[in-house]
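Heads up: the structure comes next, in structure tokens.
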Amino acid sequence: MMEYKGYIGKVEFDDEANIFHGEVINLRDVVTFQGETVGELREAFKGSVDDYLEFCEDRGESPEKPYSGKFMVRVEPELHKAVAMRAKIEHKSLNAWVHDALETAAG
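Here the sequence shown is numbered in the working numbering, starting from 58 and rising by one per residue.
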């Protein structure tokens, strides 16, 4: 994985073509890049992100943000209750408790 300006690139190696290729994975738009060396790959990744941002600017559109920091999770009522109780016991808001649990799980 590579990161540039908040965008994350996933890289694979094509053994037959002897080339690295990648894609920005935290966008709905398709942004790809490739290179024969790690240095070329890094430059191509940065160039693709910069091209994407410039393309959006030229069209007068806001570029898609990698992540907003908000998401909704639907769970069963009993799990919701259990998590809310654990948060209360730990003197945390539900949001803070879930944040901490996710941070621990994500490593």
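In this text, a Cβ means the ideal position worked out from N, Cα and C, and glycines have one as well.
A quick note: this is a predicted structure, and the numbers were derived from the prediction, not measured.
Less than 7 Å between the C-beta atoms of residue i and residue j, yes or no?
{"i": "Asn-83", "j": "Pro-120", "result": "no"}
{"i": "Val-81", "j": "Tyr-61", "result": "no"}
{"i": "Phe-70", "j": "Gly-92", "result": "no"}
{"i": "Met-58", "j": "Phe-102", "result": "no"}
Between which two residues does the alpha helix (DSSP H) containing residue i stretch?
{"i": "His-156", "result": "151-163"}
{"i": "Met-142", "result": "134-146"}
If you draw a straight line from the alpha carbon of residue i to that of residue j, how long is it in whole angstroms?
{"i": "Glu-147", "j": "Lys-127", "result": "23 Å"}
{"i": "Ala-158", "j": "Gly-66", "result": "26 Å"}
{"i": "Asn-152", "j": "Asp-86", "result": "30 Å"}
{"i": "Gly-117", "j": "Gly-79", "result": "27 Å"}
{"i": "Ala-139", "j": "Val-68", "result": "40 Å"}
{"i": "Asp-107", "j": "Asn-75", "result": "25 Å"}
Identify every residue that forms a DSSP beta bridge with residue i.
{"i": "Lys-127", "result": "Beta-bridge pairing links Lys-127 to no other residue."}
Starting from residue i, follow the beta strand (DSSP E) in both directions and report where the run begins and ends.
{"i": "Asp-71", "result": "64-71"}
{"i": "Met-59", "result": "59-61"}
Could I get the ranges of all uninterrupted alpha helix (DSSP H) runs contained in the segment 94-120, with 4 residues as the minimum, in chain order? 95-115
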